[in-house]
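Encoded as structure tokens, the structure appears first; notes follow it.
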Amino acid sequence: MFGNVGRPLSVKTPEKIERTRQVFERSPRTSIRKAAQQVGIKRESVRQIVVADLQLFPYKIQIHQRSSQRSVEQRLEFANTIIEMIDNDQFDVNMLWCSDEAHFHLDVYVNRQNWRI
2 MFGNVGRPLS VKTPEKIERT RQVFERSPRT SIRKAAQQVG IKRESVRQIV
52 VADLQLFPYK IQIHQRSSQR SVEQRLEFAN TIIEMIDNDQ FDVNMLWCSD
102 EAHFHLDVYV NRQNWRI
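Written out as structure tokens, the structure is:
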């Protein structure tokens, strides 16, 4: 008479968890969205299985340039010089402007949107 009443059944059954594990073991670079299509459950359910049950962490690869030992030493020397200048009132921190992000390409453009693990 009332149809579906009450809390819906969980799709996080041991079978679905195992099928999700198999999808990512076969192809670790599969997106959560594609895994959801393959297993046949909602994307959010797959995300919960991946994080809570399989204890995996979906993330995108971040590309950074390699730092040489010399560049690390130069950065440390610069930082120490600036700290010393601030301590001696030779540098006004209020006049410093920093941005938090830079986008540039040296050789080949890499589309990081497609790099998922």
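By our numbering, the letter at position 57 of the sequence shown is numbered 58, and the numbering carries on one by one without gaps.
All C-beta atoms, glycine included, are put in the ideal place defined by N, C-alpha and C.
Just so it is clear, the structure is predicted and the values come from calculations on it, not from any experiment.
Along the alpha helix (DSSP H) that carries residue i, what are the first and last residues, could you check?
i     : result
Leu77 : 70-88
Phe25 : 15-27
Ile33 : 33-40
Gln49 : 44-49
Sorted by chain position, which residues of the same chain lie with C-beta nearer than 6 Å to residue i's C-beta, five sequence neighbours on each side aside?
i     : result
Gln86 : What sits at residue 86 in the sequence shown is Met, not Gln. Only Phe92 meet the Cβ criterion.
Note down, in chain order, each residue of its chain lying with its Cβ closer than 8 Å to the Cβ of residue i, except the 5 sequence neighbours on either side.
i     : result
Arg44 : Ile33, Arg34, Ala37
Leu55 : Ile18, Thr21, Arg22, Phe25
Leu57 : Phe25, Val51
Val40 : Lys17, Arg20, Thr21, Val24, Val47
So residue i packs on residue j, CB below 8 Å; how close in whole Å?
i     : j     : result
Val12 : Ile42 : 5 Å
Open item on the list: Does the region 46-62 come into contact with the region 14-32, if we say contact requires no fewer than three beta-carbon pairs (one atom in each stretch) closer than 8 Å?
Closed with: yes
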